[in-house]
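A quick write-up on the structure given underneath.
Number of protein chains: 2
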Amino acid sequence: MADRHRVGIAVLGGTTALDLAVAVQAFGRRPAVFHRIRPEPESPYEITLCGRAGVPTFGELRPMSELAAADTVVVPGVDDPLAARDPEVLEAIAVAAERGARLLSLCAGAFVLGYAGVLHGHRVTTHWALADDFRAEFPRVELAEHELYVDDGQVLASGGMLAAADLCLHVLRTDHGQAYANDMSRLLVSPPHRTGGQSQYSKVIDRPLTGSLAPVLEWMLAHLDEPLTLRSVAAHAHMSTRTLARRFRAETGQSLLDWVVMRRVERARELLEESDLTVTQIAYAAGFGSTESLRRHFLLSSGTSPGAYRATFRLAAG
Amino acid sequence: MADRHRVGIAVLGGTTALDLAVAVQAFGRRPAVFHRIRPEPESPYEITLCGRAGVPTFGELRPMSELAAADTVVVPGVDDPLAARDPEVLEAIAVAAERGARLLSLCAGAFVLGYAGVLHGHRVTTHWALADDFRAEFPRVELAEHELYVDDGQVLASGGMLAAADLCLHVLRTDHGQAYANDMSRLLVSPPHRTGGQSQYSKVIDRPLTGSLAPVLEWMLAHLDEPLTLRSVAAHAHMSTRTLARRFRAETGQSLLDWVVMRRVERARELLEESDLTVTQIAYAAGFGSTESLRRHFLLSSGTSPGAYRATFRLAAG
Chain A
1 MADRHRVGIA
11 VLGGTTALDL
21 AVAVQAFGRR
31 PAVFHRIRPE
41 PESPYEITLC
51 GRAGVPTFGE
61 LRPMSELAAA
71 DTVVVPGVDD
81 PLAARDPEVL
91 EAIAVAAERG
101 ARLLSLCAGA
111 FVLGYAGVLH
121 GHRVTTHWAL
131 ADDFRAEFPR
141 VELAEHELYV
151 DDGQVLASGG
161 MLAAADLCLH
171 VLRTDHGQAY
181 ANDMSRLLVS
191 PPHRTGGQSQ
201 YSKVIDRPLT
211 GSLAPVLEWM
221 LAHLDEPLTL
231 RSVAAHAHMS
241 TRTLARRFRA
251 ETGQSLLDWV
261 VMRRVERARE
271 LLEESDLTVT
281 QIAYAAGFGS
291 TESLRRHFLL
301 SSGTSPGAYR
311 ATFRLAAG
Chain B
1 MADRHRVGIA
11 VLGGTTALDL
21 AVAVQAFGRR
31 PAVFHRIRPE
41 PESPYEITLC
51 GRAGVPTFGE
61 LRPMSELAAA
71 DTVVVPGVDD
81 PLAARDPEVL
91 EAIAVAAERG
101 ARLLSLCAGA
111 FVLGYAGVLH
121 GHRVTTHWAL
131 ADDFRAEFPR
141 VELAEHELYV
151 DDGQVLASGG
161 MLAAADLCLH
171 VLRTDHGQAY
181 ANDMSRLLVS
191 PPHRTGGQSQ
201 YSKVIDRPLT
211 GSLAPVLEWM
221 LAHLDEPLTL
231 RSVAAHAHMS
241 TRTLARRFRA
251 ETGQSLLDWV
261 VMRRVERARE
271 LLEESDLTVT
281 QIAYAAGFGS
291 TESLRRHFLL
301 SSGTSPGAYR
311 ATFRLAAG
């Protein structure tokens, strides 16, 4: 018993129950039904939930010093990732990192690792919808927002919510082999390996169109199915192409062409989900001009094909 | 507020934290990040966790009478599905059913609905590894063990563990449309629609080969790659085909041919997961005689093709 791998799980104010439950299920006591799938007297991991008394959770909470002493530290997501964190948690994580402990962040847990100062030089991921906040807060940490999870050696991170299952299965595979991870996947009824990454689940987060270009952007959205170039938009807006290019980047953070492609992919996604149009019809309706162009841009930004996307996000009979 | 749809969730001794967390996430308060994906002032559901004080869980527990009064009753899985249940829970479920409430069981929660006596004439599913127990306990309830979830009108049931997410997304789609369910799926980073059903996650649960045929079964397992017919096995075992057929069914519950096919599919699965053999080589090694025969039987029993199965359960570099 004493030499089981110790997994310390940080339970903070606002910890996401679902992330926490995934980690507890992957590493903690096996439910009775698991023994039918794989005879195993006990989990190869010994888990400890660490946090301050009073944080509502399932299971007893132990002091943060036990987090600092764990072989693997797991930090589940928290509801408000930008909120100030208890210095005791950040300290425990830093001590564990110093000792060489493996560090796992789930979903917004990457922010907590960031505030603990242990992500320097590391590559991580987090919930796709938090990517902009993460980059703003930790400009020197490499963010792989398209990945379901990232294994960067000492630091491992998963994307949003149930991507935690993908990361935990990856850790079980690393520690105990593919067959072991497959059996846990059979218990969870969740695939041991998902294709296509996190980006197929993302969508453009609409920010209100403000700034002086707002009317131009509105007009572009209404004419996405037409050819939109710097030149044609500048003509519509009565600006020089140079002025438009400069102001476009200043106000949207993107080039005009990148912005147009992003919006066209988003339009294509909506039509794949909600319409009965064929992929070719959608290519034209979204302004791609050809099916090939749609496929190429869709794959680049979503990690999957238009057809596979539709199969996942649209049911024939709703 | 008062007219939000009320979801009552039964929290019992041994309730699976993961199932509970999925239901809470799908129906309960939306995390801050959800508002970026979909502006929504509050969840359209009002959830209540109902259970006896002292059951460890997250969130306040309310009396079972509130479960009886809910519009939708959710029963998450429990660690020991065959354990005796608190009569108060069973009564509350029966009262809710009588009132016409929608009933959702997650994983082993189907057993609790069964003991509450509300499954008569219904079609449900449960964790694939509990299928035999379920059939033995509730012989008159139709069990669709291959399905990730079943929507049978008033009663809806999901298979093992994370199939709960599939069912909850289905309910969101039914109640609030595909676009709503898709946005929840983007929050969860979990597909709104999975193909292939639950059976691709299952495997043959090995029971010790006991009974007088044990040596024969052992011999068959060692010769799966050879033609195995009632006649050839009977010759090996020095029995008449009629005696063998009768004893085979009595001891295994299956015909000899069904048993052989099941074991061959299992052998093919193992080789797809663990070997570098081609699908054709695996077809022969598992005794199918042809790739076509492997494909047909594999699809029938796993709901997926050998190639797709390998892509999910085997990573090139473990």
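Note that the protein sequences, when read in sequence, are chains A and B. full-length UniProt numbering puts the first residue of the first sequence at 1, with every later residue one more than the last. full-length UniProt numbering puts the first residue of the second sequence at 1, with every later residue one more than the last. C-beta atoms are modelled at their ideal positions from N, C-alpha and C, and glycine is treated no differently. Here the structure is a predicted model, which is why all the values come from computation and not from measurement.
Contact list for R36 of chain B against chain A, beta-carbon separation under 7 angstroms: Position 36 of the second sequence holds residue 36 of chain B. Ordered by position in chain A, the residues that pass the 7 angstroms Cβ test against R36 of chain B are A129 and I205.
Inter-residue CB distance, D79 of chain B and P31 of chain A (contact presumed, cutoff 8 angstroms): Counted from its first residue, the second sequence places residue 79 of chain B at position 79. Counted from its first residue, the first sequence places residue 31 of chain A at position 31. Sure, about 5 angstroms apart at Cβ, within 8 angstroms.
Nearest-angstrom Cβ-Cβ length linking Q198 of chain A and E147 of chain A, presumed shorter than 8 angstroms: Position 198 of the first sequence, counting from 1, holds the residue named residue 198 of chain A. Position 147 of the first sequence, counting from 1, holds the residue named residue 147 of chain A. 6 angstroms between Cβ atoms; contact.
A222 of chain B burial status per 10 Å Cβ neighbour count (16 or more: buried): To locate residue 222 of chain B, count along the second sequence from 1; it is residue 222. It is exposed - the Cβ of A222 of chain B has fewer than 16 other Cβ atoms within 10 Å.
In DSSP terms, what residue 359 of chain A is bridged to: Residue coverage of chain A in this structure runs from 1 to 318, which leaves residue 359 of chain A outside it and unanswerable.
Of the residues A:R314, A:S105, A:D175 and A:L18, the one placed nearest P192 of chain B, counting alpha carbons only: Indexing the second sequence from 1 puts residue 192 of chain B at position 192. Checking every option, the nearest Cα to that of P192 of chain B belongs to A:R314.
Reduced DSSP category for G307 of chain B - H, G, I as helix; E, B as strand; rest coil: Within the second sequence, the letter at position 307 stands for residue 307 of chain B. Helix, per DSSP.
For C107 of chain B, three-class secondary structure by DSSP: The sequence position of residue 107 of chain B within the second sequence is 107, counting from 1. C107 of chain B falls in the coil class under three-state DSSP.
Beta-carbon neighbours of H146 of chain B, restricted to chain A and to distances below 7 angstroms: Along the second sequence, one-based indexing puts residue 146 of chain B at 146. Neighbours of H146 of chain B on chain A: none; closest Cβ ~12 angstroms, over 7 angstroms.
Rounded straight-line distance, which links the Cα of A97 of chain B to that of V74 of chain A: Sequence index remark: in the first sequence, residue 74 of chain A carries index 74 (1-based). Sequence index remark: in the second sequence, residue 97 of chain B carries index 97 (1-based). Approximately 41 angstroms between the Cα atoms of the pair.
Three-state secondary structure (DSSP) of L49 of chain A: Against the first sequence, residue 49 of chain A aligns to sequence position 49. Looking at L49 of chain A - three-state DSSP - the assignment turns out to be strand.
E142 of chain A - partner residues in DSSP beta bridges: Locating residue 142 of chain A in the first sequence gives position 142, counting from the first residue. Bridge partners of E142 of chain A: A:R123.
Within chain A, partners of R186 of chain B - CB distance below 9 angstroms: Taking the second sequence and counting its residues from 1, the one referred to as residue 186 of chain B is at position 186. W128, A129, G160, Y201, S202 and K203, listed in chain order.
Sufficient close CB pairs (3 or more, under 8 angstroms) joining the region 300 to 315 of chain A to the region 113 to 133 of chain B: no
8 angstroms Cβ cutoff met for R269 of chain B and K203 of chain B: Here residue 269 of chain B refers to the residue found at position 269 of the second sequence. Here residue 203 of chain B refers to the residue found at position 203 of the second sequence. A contact, by the Cβ cut-off of 8 angstroms.
Supposed contact pair A70 of chain B and A110 of chain B - C-beta distance, whole angstroms, cut 8 angstroms: Within the second sequence, numbered from 1, the residue matching residue 110 of chain B stands at position 110. Within the second sequence, numbered from 1, the residue matching residue 70 of chain B stands at position 70. Actually they do not touch by this definition, with Cβ atoms about 18 angstroms apart.
Q281 of chain A: contacting residues in chain B (beta-carbon distance under 8 angstroms): Along the first sequence, read from residue 1 onward, the residue named residue 281 of chain A stands at position 281. Within 8 angstroms Cβ-Cβ: nothing; Q281 of chain A doesn't reach chain B, min ~19 angstroms.
Interface residues of the region 298 to 314 of chain B facing chain A [CB-CB below 8 angstroms]: A311, T312, F313 and R314
DSSP-derived helix/strand/coil call for residue 319 of chain A: In the structure as shown, chain A starts at 1 and stops at 318, and residue 319 of chain A therefore has no counterpart that could be examined.
Under 8 angstroms by beta carbon: chain A residues contacting Q198 of chain B: For the purposes of this step, residue 198 of chain B is taken as the residue at position 198 of the second sequence. The answer, in chain order, is V189.
Residue range of the unbroken beta strand (DSSP E) whose run includes R6 of chain B: Walking along the second sequence from the start, residue 6 of chain B turns up at place 6. Looking at the DSSP string, the run of the beta strand (DSSP E) that includes R6 of chain B is H5 to A10.
Contacting residues, own chain, Cβ-Cβ under 6 angstroms from V260 of chain A (five flanking each side not counted): Locating residue 260 of chain A in the first sequence gives position 260, counting from the first residue. Excluding positions up to five away in sequence, the list reads L228.
Residues bridged to T15 of chain B (per DSSP): The residue labelled residue 15 of chain B in the question sits at position 15 within the second sequence. Beta-bridge pairing links T15 of chain B to B:V78.
Validate contact between the region 13 to 20 of chain A and the region 283 to 299 of chain A using beta carbons, cut 8 angstroms, 3 pairs: no
T72 of chain B - partner residues in DSSP beta bridges: Sequence index remark: in the second sequence, residue 72 of chain B carries index 72 (1-based). B:V7 and B:R102, per the DSSP bridge assignment.
Where the region 68 to 92 of chain A meets chain C: residues whose CB sits under 7 angstroms from a CB there: The chain inventory of the structure shown lacks chain C, comprising the protein chains A and B.
Closer than 8 angstroms to chain A by CB, L103 of chain B: The residue you call residue 103 of chain B lines up with position 103 of the second sequence. No, L103 of chain B does not count as interfacial toward chain A.
According to DSSP, residues forming a beta bridge with R62 of chain B: Position 62 of the second sequence, counting from 1, holds the residue named residue 62 of chain B. DSSP, once it has assigned bridges, lists B:C50 as partnering R62 of chain B.
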